[in-house]
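Presented below is the structure to which this report refers.
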Amino acid sequence: MIPHHIAIVMDGNGRWAKRRFLPRVAGHKKGVDALRACVRRCGDIGVRVLTVFAFSSENWNRPPDEVSGLMELLALALAREVPQLQAEGVRIRFIGNRSALSDKVRAGLEQAEALTAGNQRLLFNVCFNYGGRWDIAQAAASLAARGEPITEHSLDRAMSLADVPDPDLLIRTGGEMRISNFLLWQAAYSELYFSDRLWPDFDAAALDE
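Be aware that the sequence shown starts at 23, since it is given in my numbering, and climbs by one per residue.
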């Protein structure tokens, strides 16, 4: 049975680069290649929603040069990948707190979303400057601002992925066995799968496995 919604913590880019005596950003670049293959495979096998953890709200604590490298990589990846996503019928959406992002990066996200908004083959959610605790807090704050009662049902409707079913399967690569503040609310009943493969080595065959 093919999962309707797969979520992935893409871990191991830095370790992949370190083992090859390369800068960490090289690992992130290779990780983009792995993500491209994963998106394509999900579309091919009939997965309807793919949600990935691209940049957590805790990642701001990384070295400044790595953070700036990640931001530039995102801008380049958008320019290069979005036309192909559009051609393959993939709708891309960015989930997270955009207030801390530069105008350039924010504009790139909005342009990518607008270009692919009509696509229906696969919904590709990229969690960027995202944290599960942030998601719950923003949901509660939005309810409070509207004067609505905070209940399990109302919180569920105010979460950032309220319009799609919760993940059937949550995958984490890199050998760590934790979900690291990713989709804390939505993963309550997800099947968890931990892979020892570093993310740049996670290919279509690994996803099938």
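The beta-carbon is built from N, C-alpha and C at its ideal position, and this holds for glycine as well.
Between Ile24 and Leu191, the C-beta gap is not smaller than 7 Å, which leaves the two residues out of contact. Taking every protein chain shown into account, the CB of Tyr215 has fewer than 16 other CB atoms within 10 angstroms, so this residue is exposed. The C-beta of Ala139 has fewer than 16 other C-beta atoms within 10 Å across all chains shown, which makes the residue exposed. Around the C-beta of Thr173, fewer than 16 other C-beta atoms lie within 10 Å, and the residue is accordingly described as exposed. Between Ile117 and Tyr152, the CB-CB gap stays under 7 Å.
Judged by DSSP in its simplified three-state form, His27 adopts strand. In the DSSP assignment, Leu192 falls within the unbroken beta strand (DSSP E) covering 191 to 194.
Sequence-distant Cβ neighbours of Ala161 in its own chain, meaning closer than 7 Å and more than five residues away, are Leu177, Ala180, Met181.
Residue state for Val69 is assigned as coil, using DSSP reduced to three classes. Scanning its chain for C-beta atoms nearer than 6 Å, with the 5 sequence neighbours on each side dropped, one finds around Lys52 the residues Pro222, in chain order. The closest CA to that of Phe204, considering only Val148, Gln108, Ala163, Pro105, is found on Val148. Only residues of its own chain outside the window of five on either side were considered, and among them His26, His27 have a CB closer than 7 Å to the CB of Pro187, listed in chain order. Scanning its chain for C-beta atoms nearer than 7 Å, with the 5 sequence neighbours on each side dropped, one finds around Leu137 the residues Val104, Gln108, in chain order. Spatial neighbours of Gln142 in its own chain (CB-CB distance under 8 Å, excluding positions within 5 residues in sequence) are listed in chain order as Gly111, Arg113.
Around the C-beta of Ala210, fewer than 16 other C-beta atoms lie within 10 Å, and the residue is accordingly described as exposed.
Gly65 and Phe146 have their C-alpha atoms roughly 10 Å apart. When C-alpha distances from Ala99 are compared across Met199, Ser121, Leu57, Ala159, the shortest belongs to Leu57. Membership of Asn203 in any alpha helix (DSSP H) is not indicated, and neither H nor E is assigned to it by DSSP.
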